[in-house]
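Residue 169 in our numbering sits at position 169 of the sequence shown, and the numbers go up by one each step. See below for the structure under consideration.
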Amino acid sequence: METYPLTQEQIQFFRENGYLTLKGVFTEEEMAELREAAEALLNQRLDPRIEISQNDPEYEKIFVQKVNLWRIDERMRKFALHPRLGKIAAQLAGTTMRIWHDHLLAKMPGDSKPTAWHQDIPYWPHTVGNQLGIWIPLYDVDEQMGCLGVIPKSHTLGVLPAHDFRDLADVFQYLPESMRTPVWLPLKAGDCSVHHGLTLHGANANRSNRPRVAFAIFYMPDGICYTGAGHVVTDGQGFEVGQPLRGELFPIVGEP
Numbered sequence: 001m002e003t004y005p006l007t008q009e010q011i012q013f014f015r016e017n018g019y020l021t022l023k024g025v026f027t028e029e030e031m032a033e034l035r036e037a038a039e040a041l042l043n044q045r046l047d048p049r050i051e052i053s054q055n056d057p058e059y060e061k062i063f064v065q066k067v068n069l070w071r072i073d074e075r076m077r078k079f080a081l082h083p084r085l086g087k088i089a090a091q092l093a094g095t096t097m098r099i100w101h102d103h104l105l106a107k108m109p110g111d112s113k114p115t116a117w118h119q120d121i122p123y124w125p126h127t128v129g130n131q132l133g134i135w136i137p138l139y140d141v142d143e144q145m146g147c148l149g150v151i152p153k154s155h156t157l158g159v160l161p162a163h164d165f166r167d168l169a170d171v172f173q174y175l176p177e178s179m180r181t182p183v184w185l186p187l188k189a190g191d192c193s194v195h196h197g198l199t200l201h202g203a204n205a206n207r208s209n210r211p212r213v214a215f216a217i218f219y220m221p222d223g224i225c226y227t228g229a230g231h232v233v234t235d236g237q238g239f240e241v242g243q244p245l246r247g248e249l250f251p252i253v254g255e256p
């Protein structure tokens with residue numbers, strides 16, 4: 001299965017609500033391959049530009065995270081640049097898409113902390129567009145484990161004045177009454193969720209006895225430009241303010 005055709009109803013739902021869940025995007029065999037690669041990398045100490053949470057025990061209570069694994073591991077590259085995901089991203093955004101970066105996230109059990117409610121784009125050195133993320137759990141994930149939650153339609157509000165909200169009460173001051181009910185996204189292994197780069201999302205602490213491990217890939221429309229803000233992906237790469245983020249670091253992954 002090289003493609004995962006989307007219906008017009010799914011595309012319209014995503015554009016109106018800022019999120020979408022997709023069932024059975026990957027087979028059991030593919031998920032076994034992804035798990036093997038991801039878990040091997042989780043157990044390695046990597047370069048600080050890849051393992052951006054290392055040496056920060058408090059941050060690791062939220063999650064251990066590694067970025068741009070596709071650049072150092074062929075197995076992760078297969079998934080991060082997979083044409084199935086690239087096509088999904090391009091269809092939902094309605095334009096040619098490039099990879100921004102991948103993100104391996106492990107929310108450990110025990111002394112776990114919630115992931116703060118946030119929008120993604122304000123953290124990126126990007127002009128604003130239809131950036132989006134595809135989130136792939138390596139195992140079944142539910143609310144107890146810390147599955148993602150989203151605020152439907154919040155992407156329509158644009159960039160909010162604050163970027164990091166510790167609880168929903170902090171978020172609500174910026175939301176109309178109609179947007180004050182989060183939707184939780186439990187998923188089976190092989191399923192994916194997609195969220196717009198301006199969709200408010202977060203996760204509860206992992207209250208299970210198993211790690212919650214997910215592989216997220218973030219995509220950006222061709223033509224998104226560099227703003228000059230600091231970011232581990234672009235720091236030291238020689239980009240100029242206003243320059244489109246293109247080239248071998250950000251290959252095209254899908255066309256509509």
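Positions of the beta carbon are idealized from the N, C-alpha and C atoms, including for glycine.
For residue j and residue i, the rounded distance between their alpha carbons
i, j, result
"residue 33", "residue 76", "9 Å"
"residue 29", "residue 171", "40 Å"
"residue 85", "residue 137", "14 Å"
"residue 190", "residue 145", "17 Å"
"residue 179", "residue 12", "18 Å"
"residue 231", "residue 143", "30 Å"
"residue 9", "residue 129", "22 Å"
"residue 115", "residue 215", "15 Å"
"residue 5", "residue 150", "24 Å"
"residue 164", "residue 124", "14 Å"
"residue 88", "residue 252", "13 Å"
"residue 228", "residue 162", "19 Å"
"residue 173", "residue 152", "16 Å"
Of the residues the options, the one placed nearest residue i, counting alpha carbons only
i, options, result
"residue 103", "156, 233 and 118", "233"
"residue 108", "204, 27 and 9", "204"
"residue 194", "66, 112, 19 and 117", "19"
"residue 155", "176, 213, 169 and 8", "176"
"residue 110", "66, 31 and 212", "212"
"residue 140", "210, 181 and 182", "210"
"residue 66", "35, 101, 183 and 93", "101"
"residue 83", "207, 2 and 99", "2"
Delimiting residues of the alpha helix (DSSP H) encompassing residue i
i, result
"residue 258", "Since the displayed the chain opens at 1 and closes at 256, residue 258 lies outside it and no answer follows."
"residue 88", "83-93"
"residue 65", "From DSSP, residue 65 is part of no alpha helix (DSSP H) but of the beta strand (DSSP E) over 64-67."
"residue 11", "8-17"
"residue 168", "168-172"
Status (buried if at least 16 other CB within 10 Å, exposed otherwise) for residue i
i, result
"residue 166", "exposed"
"residue 247", "exposed"
"residue 91", "buried"
"residue 72", "exposed"
"residue 119", "buried"
"residue 243", "exposed"
"residue 237", "exposed"
"residue 48", "Summary for residue 48: the model assigns pLDDT 48, below 50, so the residue's position carries little reliability; its value from the coordinates is reported in the next sentence. Result: exposed."
"residue 169", "exposed"
First through last residue of the beta strand (DSSP E) which encompasses residue i
i, result
"residue 136", "132-137"
"residue 97", "97-107"
"residue 220", "212-221"
"residue 203", "201-203"
Contact under 8 Å by Cβ, residue i with residue j
i, j, result
"residue 197", "residue 121", "yes"
"residue 21", "residue 249", "no"
"residue 185", "residue 148", "yes"
"residue 69", "residue 41", "yes"
"residue 240", "residue 96", "no"
"residue 220", "residue 245", "yes"
"residue 217", "residue 131", "no"
"residue 24", "residue 117", "no"
Proximity test, residue i beta-carbon vs the ligand MG heavy atom, cut-off 7 Å
i, result
"residue 82", "With respect to small molecules bound, the structure shown includes none, and the ligand MG cannot be examined in it."
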